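Undergrad:
Residue numbers (my numbering), protein chains in the order written: chain W, 244 to 482; chain L, 183 to 395.
(1) Round the Cβ separation of residue 438 of chain W and residue 444 of chain W to the nearest angstrom and send it over; I've been treating them as touching at under 8 Å.
(2) So, does the CB of residue 475 of chain W fall closer than 9 Å to a CB anywhere in chain L?
(3) Report yes if the C-beta of residue 412 of chain W is less than 8 Å from at least one heavy atom of the ligand HEM; otherwise report no.
(4) If residue 456 of chain W and residue 266 of chain W are in contact, beta carbons under 8 Å, what's the gap, nearest whole angstrom?
(5) Where does residue 236 of chain L land, buried or exposed, given buried means 16+ other C-beta within 10 angstroms?
(6) Considering only the alpha carbon of each residue, which of L/389, L/301 and L/223 lies closest to residue 265 of chain L?
(7) How many angstroms separate the CA atom of residue 334 of chain L from the CA atom of residue 370 of chain L?
(8) For residue 240 of chain L, collect the residues of the same chain with a Cβ closer than 6 Å to its Cβ; drop the 5 residues on either side in sequence, then sort them by chain order.
(9) Which bits of chain W does residue 374 of chain L rub up against, with CB to CB less than 7 Å?
(10) Please classify residue 323 of chain W: is it buried, with 16 or more other beta-carbons within 10 angstroms of its beta-carbon, or exposed?
(11) Could you list which residues in chain W have their beta carbon closer than 8 Å to that of residue 328 of chain L, in chain order?
(12) How big is the Cα-Cα spacing for residue 459 of chain W and residue 332 of chain L?
(13) Between which two residues does the beta strand (DSSP E) carrying residue 254 of chain W extend?
(14) Which residues in chain L have a C-beta closer than 7 Å to the C-beta of residue 430 of chain W? List them in chain order.
(15) Residue 445 of chain W CB to nearest chain L CB: under 9 Å?
(16) Given 8 Å as the limit, is there contact between the segment 242–251 of chain L and the segment 271–279 of chain L, that is, 3 or more CB pairs closer than that?
(17) Helix, strand or coil: which one does DSSP assign to residue 268 of chain W?
(18) Which of the three DSSP states, helix, strand or coil, is assigned to residue 339 of chain W?
(19) Judging by CA-CA distance, which residue of L/321, L/368 and L/374 is the nearest neighbour of residue 388 of chain L?
(20) Count the other C-beta atoms from every protein chain shown that fall within 10 angstroms of the C-beta of residue 269 of chain L, then say buried if there are 16 or more, exposed otherwise.
(21) Would you report the Cα separation of residue 184 of chain W and residue 380 of chain L, rounded to the nearest angstrom?
(22) Verify whether the separation of the beta carbon atoms of residue 247 of chain W and residue 402 of chain W is less than 9 Å.
(23) If we cut at 9 Å on Cβ distances, does residue 421 of chain W have a partner in chain L?
(24) Please identify the residue among W/376, W/398, W/302 and W/309 whose C-alpha is closest to the C-alpha of residue 288 of chain W.
(25) Got a sec: which bits of the segment 386–416 of chain W sit with their beta carbon under 9 Å from any beta carbon on chain L, in order along the chain?
(26) Looking only at its own chain, which residues have a Cβ that is under 6 Å from the Cβ of residue 408 of chain W, when we skip the five neighbours before and after it?
(27) Say whether the segment 327–344 of chain W touches the segment 379–388 of chain W, bearing in mind that this needs 3 or more beta-carbon pairs closer than 8 Å, one atom from each stretch.
(28) Is residue 247 of chain L helix, strand or coil when you go by DSSP?
(29) Determine the contact status of residue 374 of chain L and residue 327 of chain L, defining contact as a CB-CB distance below 9 Å.
(30) According to DSSP, which residues form a beta bridge with residue 263 of chain W?
(31) How long is the line joining the alpha carbons of residue 329 of chain W and residue 406 of chain W, rounded to whole angstroms?
(32) Quick check: residue 271 of chain W and residue 451 of chain W, are their CB atoms within less than 9 Å of each other?
(33) Compare the C-beta of residue 332 of chain L with all C-beta atoms of chain W and state if any pair is closer than 9 Å.
(34) Pick helix, strand or coil for residue 399 of chain W, following the three-state DSSP scheme.
(35) Pull up the distance between the alpha-carbon of residue 287 of chain L and that of residue 279 of chain L, whole angstroms please.
(36) Quick check on residue 339 of chain L - is its C-beta less than 9 Å from some C-beta in chain W?
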């Protein structure tokens with residue numbers, strides 16, 4: 244059984260003036276320890292896909308299952324346990340890196356000593372142990388991206404969802420973040436990331452593109468049967 | 183004012199053409215010969231060692247038909263005065279003459295490298311022209327495009343993250359690996375963006391054809 248399964252998911256945004264299909268019949272299955280990266284141009288629906296996959300937004304049609312259970316029936320507990328959704332941090336904040344990681348734990352009722360210890364472990368995991376006392380404003384964009392991962396990892400998720408982890412990150416820091424994502428998957432976590440830069444696709448177990456709401460990529464298990472173009476055209480003509 | 187294109191540094195030093203260098207021969211087409219010249223430029227060496235280095239360096243990219251292929255290639259490079267024997271290395275009972283690059287060899291190699299850009303552009307242009315033949319059947323073009331996109335994604339997937347920590351490359355193979363990976367990663371990005379553009383053009387075409395029908 245797949246850890247995450249998107250089954251024929253459609254998502255649309257509509258109001259008085261707009262009716263736009265952002266995800267169109269999207270299906271995706273991710274196993275434990277898999278690193279999948281979805282590439283797409285700006286505005287293609289990548290962030291929506293990730294929010295739907297993380298259970299933050301509900302699909303209009305289709306289902307999203309995490310560990311075999313429909314996210315629609317999970318309630319609010321999912322993000323705090325099995326799924327970690329990684330958001331960019333505002334670097335204007337006056338908090339230190341350690342506080343950023345600790346605060347959600349303290350808010351959840353974890354004792355100060357335990358929260359501090361877990362925050363230290365998470366910061367160490369992402370290579371930021373030496374930056375624990377630094378304020379967010381003192382961090383580079385790459386360090387801030389690592390910190391946002393630490394804030395998610397501190398909850399021991401099984402699935403990490405990351406929206407454009409290397410966007411705006413310096414060239415020399417970029418590969419370190421990608422290597423970190425790879426190592427998380429190698430440790431058994433499932434990672435679903437989006438990217439506007441194709442460099443983020445390197446080394447992923449699954450690479451996909453999102454265009455006009457349609458998700459495309461190499462088939463996960465072997466190649467699909469080859470269909471002659473002529474017969475495909477004939478089928479269209481007959482359709 | 184538009185700045186003139188920059189000339190690579192190695193092209194500033196025009197080698198002196200020796201009088202005996204015959205009338206410009208036809209361009210050397212063999213990729214193996216050029217690749218071998220690159221190895222000699224990297225480090226003067228003898229034939230057998232060059233064959234071993236060739237296999238290690240160009241594994242999966244270029245192949246020698248046999249070790250004797252190196253001897254043939256070296257003969258061509260010498261004939262074209264792109265390499266020369268290193269004095270004092272043809273000694274002993276089993277002489278191993280080492281070869282080093284000449285100034286001409288260095289200059290020609292640089293020009294060949296720059297010429298690869300034109301070759302890449304020509305191949306890409308050919309693909310685009312071939313794809314454009316499907317103007318009457320944009321659906322078929324979209325299917326081909328999907329295959330092209332999948333090939334790009336597979337290549338991206340197979341390109342490892344270099345995984346260095348900011349330190350400079352410790353060896354020529356490591357440097358080559360890093361440069362090749364980065365070139366591949368960036369090129370894939372350009373191709374995927376291009377696929378997105380073509381897809382929109384083809385969909386617009388399908389819409390226009392539908393409206394006319």
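Each residue gets a CB set at the ideal place from its N, CA and C atoms; glycine is no exception. Owing to the predicted nature of the structure, the values given are computational and were not obtained by experimental measurement.
TA: Let me spell this out:
(1) 7 Å
(2) With a pLDDT of only 47 at residue 475 of chain W, under the threshold of 50, the placement of this residue in the model should not be trusted, and no figure is reported.
(3) The ligand content of the structure shown is nil, which means the ligand HEM is not present either.
(4) Yes, residue 456 of chain W and residue 266 of chain W are in contact; Cβ-Cβ is about 5 Å, under 8 Å.
(5) buried
(6) L/223
(7) 6 Å
(8) 217
(9) 282, 441 and 452
(10) Because the pLDDT at residue 323 of chain W is just 49, under 50, the model does not fix this residue reliably, and the value given afterwards should be weighed accordingly. Exposed: under 16 other Cβ atoms inside 10 Å.
(11) 459
(12) 8 Å
(13) 247–257
(14) Here the premise fails: no neighbours, minimum Cβ distance about 16 Å.
(15) At least one CB of chain L lies nearer than 9 Å to the CB of residue 445 of chain W.
(16) no
(17) strand
(18) strand
(19) L/321
(20) exposed
(21) The structure shown has nothing for residue 184 of chain W, since chain W only spans 244 to 482.
(22) Going by C-beta atoms, residue 247 of chain W is nearer than 9 Å to residue 402 of chain W.
(23) yes
(24) W/302
(25) Those would be 415 and 416, in chain order.
(26) 388, 420 and 436
(27) yes
(28) Annotated three-state conformation of residue 247 of chain L is coil, per DSSP.
(29) no
(30) W/256
(31) 7 Å
(32) Yes, these two residues count as a Cβ contact at 9 Å.
(33) Any Cβ of chain W closer than 9 Å to the Cβ of residue 332 of chain L would place that residue at the interface, and such an atom is present.
(34) Residue 399 of chain W: coil per DSSP, three-state reduction.
(35) 18 Å
(36) yes
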